[in-house]
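Enquirer: Its first residue numbered 1, the sequence shown is counted upward by one per residue in my numbering.
Using N, Cα and C, we set each Cβ at its ideal position, and we do this for glycine too.
Let me begin by handing over the structure; questions about it come next.
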Amino acid sequence: MKILLTLLLGCSISACADIYQWQDTRGNKHFSDRVHENSKKIEFKQGYSYYKVEKVYDGDTVKLEDGRKIRLLGINTPEVQHRNQAIEAGGEAAKRWLVDKLKNQKVRLVTDVKPIDKYKRTLAHLITENKEHINVALVEMGLAAVNIYPPNLLYADELVAAGNRAEQAKRGIWRQAEYAVMPVDHLGSDGHAGWTRLIGKVSVIRSSRKFVYLELSDLFQARIEKKWLTLFPDISSYHGRTVEVRGWLNKNRGGWSMLIRHPSAMKIISSN
1 MKILLTLLLG CSISACADIY QWQDTRGNKH FSDRVHENSK KIEFKQGYSY
51 YKVEKVYDGD TVKLEDGRKI RLLGINTPEV QHRNQAIEAG GEAAKRWLVD
101 KLKNQKVRLV TDVKPIDKYK RTLAHLITEN KEHINVALVE MGLAAVNIYP
151 PNLLYADELV AAGNRAEQAK RGIWRQAEYA VMPVDHLGSD GHAGWTRLIG
201 KVSVIRSSRK FVYLELSDLF QARIEKKWLT LFPDISSYHG RTVEVRGWLN
251 KNRGGWSMLI RHPSAMKIIS SN
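Set out below in structure tokens:
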């Protein structure tokens, strides 16, 4: 065992050569950074802190044993019934999956540029002890939609890829009528409650001091904060294109608008 400690002290686990263990004919154990006959590679866990999940509020919010409330980064699951919030299709399914997945499991947190939200929740990706990325898994199962908020862009590519696979396979919410894309011309004065998908042609692009606006109809426009334009293709490339936007509606001067934070929330469908 002293030899093993010496090997470990000589280098960090992440940078060190592999360490092997074998047993001689007398039953004595040996350790080395070289492979010997019948030796086994020793697997070391990184020095992460793992936590038990004490409570699952819904598919994207949990409470840890240390009292911290965690909002899963990069995703949005449908709402479950609570207080003034009506249940949304798929909300209970996402919660049940998360409860079952985290039963008898501990998780570690991976935070990003902005680690806390305005509700004082920790924003994080959850990774289990067996290295399963819970945020990505929820998206892959069709239980969550991708919802990326800059500057938190960690794992964005993985989330978008998982979302595309789930949507193409029509898993989870993607086979439910409540989440079918709606032509923007069908948007009425009552708008639409909750997360939604709209499709329409970009007829006008204009700017204000803080935003760029893409008009899809007389009653609807998508808006992008100028500070995040570098994440998007040339904004003029959207003009005349049919696009699908995803997110939440906001009342805006007799019509509706939607804040688009990331290119994954505004997909070009075709050029007309």
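Would the beta-carbon of Leu229 fall within 9 angstroms of that of Val202?
Expert: Here residue 229 refers to the residue found at position 229 when the sequence shown is read from its first residue. Here residue 202 refers to the residue found at position 202 when the sequence shown is read from its first residue. Contact: no.
Enquirer: Under 7 angstroms Cβ to Cβ from Leu214, same chain only, skipping five residues before and after it: list those, please.
Expert: Locating residue 214 in the sequence shown gives position 214, counting from the first residue. These residues qualify, in order along the chain: Val202, Ile205, Gln221, Ala222, Tyr238.
Enquirer: Using 9 angstroms as the threshold, is the C-beta distance between Ile75 and Arg121 below it?
Expert: Looking up residue 75 in the sequence shown gives position 75. Looking up residue 121 in the sequence shown gives position 121. Their beta carbons are not under 9 angstroms apart, which means Ile75 does not touch Arg121 by this criterion.
Enquirer: Following the continuous beta strand (DSSP E) through Ala222, name the residue where it begins and the one where it ends.
Expert: On the sequence shown, position 222 is the one that residue 222 refers to. Its beta strand (DSSP E) spans residues 220-225.
Enquirer: Which whole runs of the alpha helix (DSSP H) in the segment 80-144 are 4 residues long or more, in chain order?
Expert: 91-102, 134-140
Enquirer: Which two residues bound the contiguous beta strand (DSSP E) that contains Asp157?
Expert: Reading the sequence shown from its first residue, position 157 is the one you call residue 157. Segment 156-169 is the alpha helix (DSSP H) holding Asp157; no beta strand (DSSP E) there.
Enquirer: Hey, does Pro233 have any beta-carbon neighbour from chain B nearer than 9 angstroms?
Expert: Protein chains in the displayed structure number just one, and chain B is not present.
Enquirer: By how many angstroms is the C-alpha of Leu259 removed from the C-alpha of Leu159?
Expert: Here residue 159 is taken as the residue at index 159 of the sequence shown, counted from 1. Here residue 259 is taken as the residue at index 259 of the sequence shown, counted from 1. So the alpha carbons of these two residues sit roughly 20 angstroms apart.
Enquirer: Look at the alpha carbon of Val181 and the alpha carbon of Asp218, and state the distance between them as a whole number of angstroms.
Expert: Stepping through the sequence shown from its first residue, residue 181 is reached at position 181. Stepping through the sequence shown from its first residue, residue 218 is reached at position 218. Each residue's Cα considered, the two are about 19 angstroms apart.
Enquirer: Have a look at Leu231, Ser264, Glu132, Leu216 and flag the residue whose alpha-carbon is nearest the alpha-carbon of Arg241.
Expert: Position 241 of the sequence shown, counted from the first residue, corresponds to residue 241. The shortest C-alpha separation from Arg241 is found at Leu216.
Enquirer: CA-CA distance, Asn147 and His262?
Expert: Along the sequence shown, one-based indexing puts residue 147 at 147. Along the sequence shown, one-based indexing puts residue 262 at 262. C-alpha separation (whole angstroms): 8 angstroms.
Enquirer: Please report how far the alpha carbon of Tyr149 lies from the alpha carbon of Ser208, in whole angstroms.
Expert: The residue labelled residue 149 in the question sits at position 149 within the sequence shown. The residue labelled residue 208 in the question sits at position 208 within the sequence shown. Spanning the two alpha carbons is a distance of roughly 21 angstroms.
Enquirer: Straight-line CA distance for Asp185 to Val243?
Expert: Reading the sequence shown from its first residue, position 185 is the one you call residue 185. Reading the sequence shown from its first residue, position 243 is the one you call residue 243. About 13 angstroms.
Enquirer: Using DSSP with H/G/I as helix, E/B as strand and the rest coil, what is Ile173?
Expert: Against the sequence shown, residue 173 aligns to sequence position 173. Correct three-state label for Ile173: helix.
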